[in-house]
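Chains as they are written, first to last, in the numbering used here: chain A, 7 to 121; chain B, 8 to 116.
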């Protein structure tokens, strides 16, 4: 398996522009998580899905952020409009089915810079 | 949100030295996990500890879960440059994991 695939790896955009980050989880994983990592705040959970349904979006910072999972093999995180404080590395992770412990496999991340 | 505090924040040592990093919380966890993250990559799971007082060894790495299941430690023996990275502890209720901010370790030859 190729693991969790994220794109783009790097994105530089200007304030006010729309940003879409993409994630392909590992086949057969039934949970998908979006995290944001900054030096100041570390890894923060934004939202997670179970079987394509959003379960908890309490970590989404504000209405400018939205996430979708139209099918088991694809998810997007959208920021509209983007602001400089959104600059961070955004990680997608998926969970292996039927394990007792909550084992997450992370993608390599999407580094977002908003100018 | 169950907060996880990690210490030290940064650690710079020479090859061959031993070190211990800590993960503490006021909350009780059913399990705790340790991940290592290298620059430009996502975190990778090292170990999961489940039972209070449990000790797990992974080559030169020794992980311990506190008796009260509120804290954990990671001890590295004879550190090598390949151990350089960000070490993160994680825990949570249900399916959502909360992470500490991590200990950034640099091992120089």
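Here a beta-carbon is modelled for each residue, glycine too, at the ideal position from N, C-alpha and C.
**Own chain partners of residue 75(A) with C-beta closer than 7 Å, once the 5 adjacent residues on each side are dropped** = On the first chain, position 69 is the one that residue 75(A) refers to. The residues are 38, 55, 58, 81.
**Prompt:** If you measure from the beta carbon of residue 112(A) to each beta carbon in chain B, is any gap under 7 Å?
**Reply:** Within the first chain, numbered from 1, the residue matching residue 112(A) stands at position 106. Taking a beta-carbon distance threshold of 7 Å, residue 112(A) counts as an interface residue toward chain B.
**Asked** Is it the case that the Cβ atoms of residue 53(A) and residue 40(A) are separated by a distance below 7 Å?
**Response** For the purposes of this step, residue 53(A) is identified with residue 47 of the first chain, where counting begins at 1. For the purposes of this step, residue 40(A) is identified with residue 34 of the first chain, where counting begins at 1. Yes, the Cβ-Cβ distance between residue 53(A) and residue 40(A) is below 7 Å.
**Prompt:** CB-CB under 7 Å to residue 56(B), same chain, minus the five flanking residues each way: which ones, in chain order?
**Reply:** Numbered from 1 along the second chain, position 49 holds the residue referred to as residue 56(B). Close CB contacts of residue 56(B) within its chain, under the 7 Å cut and outside five residues either way in sequence, are with 38, 39, 63, 70, 72, 79 (chain order).
**Nearest neighbour of residue 92(B), chosen from 11(B), 20(B), 12(B), 10(B) [CA to CA]** = Indexing the second chain from 1 puts residue 92(B) at position 85. Each of 11(B), 20(B), 12(B), 10(B) was checked against the Cα of residue 92(B), and the nearest Cα belongs to 20(B).
**Asked** What residues match up with residue 37(B) in a beta bridge as DSSP calls it?
**Response** Locating residue 37(B) in the second chain gives position 30, where the first residue counts as 1. Per DSSP, none; premise fails for residue 37(B).
**Request:** Would you mind working out which of 28(B), 81(B), 34(B) sits nearest residue 10(B), comparing C-alpha positions?
**Result:** Numbered from 1 along the second chain, position 3 holds the residue referred to as residue 10(B). Taking the Cα of residue 10(B) as reference, the smallest distance to any Cα among 28(B), 81(B), 34(B) is reached at 34(B).
**Prompt:** Could you give the C-beta distance for residue 95(B) and residue 81(B), rounded to a whole number, given that I count them as a contact under 8 Å?
**Reply:** Along the second chain, read from residue 1 onward, the residue named residue 95(B) stands at position 88. Along the second chain, read from residue 1 onward, the residue named residue 81(B) stands at position 74. The C-beta separation of residue 95(B) from residue 81(B) comes to about 10 Å, leaving the pair out of contact by the 8 Å criterion.
**3 or more residues per run - each beta strand (DSSP E) lying fully within the region 8–48 of chain A** = The DSSP assignment places complete beta strand (DSSP E) segments of no fewer than 3 residues inside the region 8–48 of chain A at 11–13, 16–19, 25–30, 37–44, in order along the chain.
**Simplified DSSP state of residue 90(B), which is helix, strand or coil** = Position 83 of the second chain, counted from the start, is the residue given in the question as residue 90(B). Looking at residue 90(B) - three-state DSSP - the assignment turns out to be helix.
**Message:** Along the chain, where does the beta strand (DSSP E) containing residue 96(A) start, and where does it finish?
**Reply:** Taking the first chain and counting its residues from 1, the one referred to as residue 96(A) is at position 90. Element bounds for residue 96(A): 94–101.
**Item:** Within chain A, the residues that residue 50(B) reaches when beta carbons sit closer than 7 Å
**Value:** The residue you call residue 50(B) lines up with position 43 of the second chain. Residues of chain A passing the Cβ test: 112.
**Prompt:** Under a CB-based cut-off of 7 Å, is residue 70(B) close to chain A?
**Reply:** Numbered from 1 along the second chain, position 63 holds the residue referred to as residue 70(B). No - not a single Cβ of chain A is within 7 Å of the one on residue 70(B).
**Alpha-carbon to alpha-carbon, residue 120(A) and residue 92(A)** = On the first chain, residue 92(A) is found 86 positions in, with the first residue counted as 1. On the first chain, residue 120(A) is found 114 positions in, with the first residue counted as 1. It is roughly 7 Å from the alpha-carbon of residue 92(A) to the alpha-carbon of residue 120(A).
**Alpha-carbon spacing of residue 75(B) relative to residue 99(B), whole angstroms** = In the second chain, counting from the first residue as 1, residue 75(B) sits at position 68. In the second chain, counting from the first residue as 1, residue 99(B) sits at position 92. Take the alpha-carbon of residue 75(B) and the one of residue 99(B): they are about 15 Å apart.
**Item:** Same chain only: Cβ atoms within 7 Å of residue 42(B), ignoring 5 sequence neighbours per side
**Value:** By one-based count along the second chain, residue 42(B) stands at place 35. The residues are 50, 51, 52, 53, 95, 97.
**Request:** Could you check the C-alpha separation between residue 97(A) and residue 44(A) for me, to the nearest Å?
**Result:** Walking along the first chain from the start, residue 97(A) turns up at place 91. Walking along the first chain from the start, residue 44(A) turns up at place 38. The straight-line gap from Cα to Cα measures roughly 11 Å.
**Message:** Let me check understanding here. Comparing Cα to Cα, which of 64(A), 60(A), 84(A) lies closest to residue 71(A)?
**Reply:** For the purposes of this step, residue 71(A) is taken as residue 65 along the first chain, with counting starting at 1. Among 64(A), 60(A), 84(A), the Cα nearest to that of residue 71(A) belongs to 84(A).
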